[in-house]
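K.L.:
Note that my numbering has the sequence shown beginning at 2, numbered continuously upward.
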Amino acid sequence: MGKFKFQFDSIVRVKEIFEKNIMKDISIIEKEIYAANKKIDELKRNIKSLENEIGAGKISALNYKSSKAYIRQLDGQMESFVNIIIDLKSKREKKFEELRERKKEIQILETLKENKKQEYMIDANREELKQLNEIAISNFVRKEN
């Protein structure tokens, strides 16, 4: 018998490629979440420094109103980044679910491959045993004659 060849090997390779692409997408989403969190931290620092300046009386009465408006604007930006993070986390969770499904599919195909390989080995052993029996019978017949 020839070498064992699984009929769905190409499908397994394609599914593994899809799995790697999903992992790459998750990585990109993670980077975006990190960048958004970093931006939120920066906005918080800016707000805190402005509030400290206002509280310490370092800002004149003329700039007070504009500083408060700027703080509200920064709060708005921070809220938009929080919403972006929520959306990204939702996308990430969907990608993780998709990744779990792909891993299940690959595991199923790997199990099927193992079962088919075991069947192939049993058939190969059976064929080898038949050939050995035929050789043994022909050797026995030759010795008898």
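Positions of the beta carbon are idealized from the N, C-alpha and C atoms, including for glycine.
Thinking C-alpha only, which one of Ile86, Lys66 and Ala62 is nearest Asn38?
P.N.:
Numbered from 1 along the sequence shown, position 37 holds the residue referred to as residue 38. Of Ile86, Lys66 and Ala62, the residue nearest in Cα terms is Ile86.
K.L.:
Return the chain-ordered list of same chain residues with a C-beta closer than 7 Å to the C-beta of Val13, the five sequence neighbours on each side being excluded.
P.N.:
Here the question's residue 13 lines up with position 12 in the sequence shown. Taken in chain order, the residues that qualify are Ile107 and Leu110.
K.L.:
What residue does the alpha helix (DSSP H) around Gly56 start on, and which one ends it?
P.N.:
One-based indexing of the sequence shown puts residue 56 at position 55. It spans Asp10 to Ala57 - the alpha helix (DSSP H) in which Gly56 sits, taken as one unbroken run.
K.L.:
Around the C-beta of Lys96, are 16 or more other C-beta atoms found within 10 angstroms, so that it is buried, or is it exposed?
P.N.:
Locating residue 96 in the sequence shown gives position 95, counting from the first residue. Buried: at least 16 other Cβ atoms inside 10 Å.
K.L.:
Note the first and the last residue of the continuous alpha helix (DSSP H) segment covering Ile136.
P.N.:
Here the question's residue 136 lines up with position 135 in the sequence shown. Ile136 -> alpha helix (DSSP H) spans Ala62 to Glu145.
K.L.:
With distances taken from CA atoms, which of Tyr65, Arg127 and Leu89 is nearest Asp26?
P.N.:
As a position in the sequence shown, residue 26 is number 25, starting the count at 1. Here the closest residue by C-alpha is Leu89.
K.L.:
Taking 8 Å as the cut-off, does the segment 39-52 touch the segment 67-76 (at least 3 CB pairs, one atom from each stretch)?
P.N.:
yes
K.L.:
I need the straight-line Cα distance from Ile30 to Lys92, nearest angstrom please.
P.N.:
Locating residue 30 in the sequence shown gives position 29, counting from the first residue. Locating residue 92 in the sequence shown gives position 91, counting from the first residue. For Ile30 and Lys92, the distance between alpha carbons rounds to 8 Å.
K.L.:
Contact defined as beta carbons within less than 8 Å: I believe Lys40 pairs with Phe82. What is the distance between those atoms, to the nearest angstrom?
P.N.:
The count along the sequence shown starts at 1 and reaches residue 40 at position 39. The count along the sequence shown starts at 1 and reaches residue 82 at position 81. The Cβ separation is near 5 Å, so the contact holds.
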